[in-house]
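To keep things clear, I will list the structure first and then write my remarks on it.
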Amino acid sequence: MSTSPVQQDALLHARVEVAECLGQSPPHLPYRLLWDEHNTALYDRIREQPEYYLNRLEMHLLQAHASEVMAASGARTLIELGSGTGEKALPLLQHMTAPVAYLPVDVSTSALNHLTERLRHASPSTTVRAVAADFTRPWPPVLREPGRRPVLVTFLGSTLGNLLPAERHGLLELLAGSLRPGDGLLLGVPLLHDVEVMVSAYRDAAGLMEAFYLHCLRILNRDLGTDFDLDAYAHHVVWAAPSQRVEIGLCSLADQTVLVPGPPAGRRVVFPRGEVLRATIAVRFTAGQLDDELAARGFEPLRHLPDPTSRYMLLLARLRG
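Residues in the sequence shown are numbered consecutively from 604, following this note's numbering.
Written out as structure tokens, the structure is:
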């Protein structure tokens, strides 16, 4: 089947992006290209594993504090970055004054489709406008002018910890430039605690996390024509104390070369035995660590809502005038 010029252009850009990511030090996987229906469903199962405490604690906090958060923010429109299944929006939507507008933002169109159908039944009075976009890049008009204000932007699921410091600062600056004074920001903040517990969250006994990241290579092979040998990589999880983060990736089990197709001739990337192809990081924060970063970009912290075990926290802030 032939592809259109638009599809060919998207394929070319994706291959260039992959080649650049693999060629960096350390080599890493491009997050936005790693999602399909299989990985979306697999991630839902990962969040239910006993080792993955983050989702349970966050949901408990949202259910316990949704009324307080919405009263303090006064929000009339909810924008959720990295919305996934949308389950975390439900407690907040239930405490908003009608009419309610909800804009889920995600790179996975399949996840957005499932979310929209789910919300149609779970919250029929909510107007859902799904936005397929990379929220770390300049926002489209639909997000800059979403409707009734104030707006509350949520960034949950501990995704904040998946960003490098420069990426995190860049996102906060993008948010400050995209929102208006009085708009709110609700962050899910994974807190620093016992190293063994933090690492085990990414090394589940069922092996689902490993299956997720190996499938990422399968996606690149299928969609972009790379030739990763899935049997030549093993799941790799380590605590990096100086950076205060868990590092998750795939370790090369042998000296090998991976082809990223052209044009014109493609690129071959060499992976020595023992080199780790980084998939993601999971930074852990101290309770007040983000306050200065937010204040420097015009946000005023309003609420710090930690769970009783001090492993997770919701942080509500407002953009100053």
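Don't be surprised by glycine CBs; every beta carbon is placed ideally from N, CA and C. Please read these numbers as outputs of a predicted model, since none were measured by experiment.
Taking the Cα of Thr757 as reference, the smallest distance to any Cα among Ala882, Cys624, Trp842 and Gly791 is reached at Gly791. For Gln859, the closest of Val619, Ala882 and Ala835 by C-alpha to C-alpha distance is Ala835.
When the beta-carbon positions are compared, Arg900 and Gly785 stay at least 9 Å from each other. Pro793 places its beta carbon 9 Å or farther from that of Tyr655.
Selection Tyr805, Gly626, Leu766 and Asn642 evaluated against Gln652 yields Tyr805 as nearest (Cα-Cα). For the pair of segments examined, the stretch 717 to 725 was found to touch the stretch 687 to 702: the number of CB pairs separated by less than 8 Å reaches three. Less than 9 Å separates the beta-carbon of Val840 from that of Val849. Under the DSSP definition of a beta bridge, Pro768 lacks any partner. DSSP places Gln859 inside the beta strand (DSSP E), whose first and last residues are Gln859 to Val863. Distance check between Leu625 and each of Thr912, Leu918, Ser855 and His907 places Ser855 closest, using alpha-carbon atoms only. Residue state for Asp612 is assigned as helix, using DSSP reduced to three classes. Shown here for Glu661: same chain residues with a beta carbon closer than 8 Å to its own, the five before and five after excluded, namely Lys691, Leu759, Gly760, Ser761, Gly791, Tyr915 and Leu917 in chain order. Between the stretch 676 to 687 and the stretch 740 to 754 there are three or more inter-stretch CB-CB distances shorter than 8 Å, so the stretches are counted as touching.
Beta-bridge annotation (DSSP): Cys854 is paired with Ala837 and Val879.
Under the 10 Å beta carbon count, Gly689 is surrounded by 16 or more other beta carbons and is classified as buried. Counting the other Cβ atoms within 10 Å of the Cβ of Val798 gives fewer than 16, which makes it exposed. Checking the DSSP bridge columns, you'll see Pro911 has no partner listed.
Between the alpha carbons of Ala779 and Thr730 lies a distance of about 25 Å. Under the three-state reduction of DSSP, His631 is assigned to strand. Partner residues in the beta bridge of Pro707, as assigned by DSSP, are Glu683. Taken atom to atom, the span from the alpha-carbon of Val802 to that of Leu775 is near 27 Å. Take Gln666, set aside five residues on each side of it, and the residues of its chain with a beta-carbon closer than 8 Å to its own are Pro694, in chain order. The way I'd put it, the stretch 620 to 635 does touch the stretch 864 to 873; three or more beta-carbon pairs between them come closer than 8 Å. Put simply, of Pro768, Ala674 and His818 the residue whose alpha carbon is nearest the alpha carbon of Val886 is Pro768.
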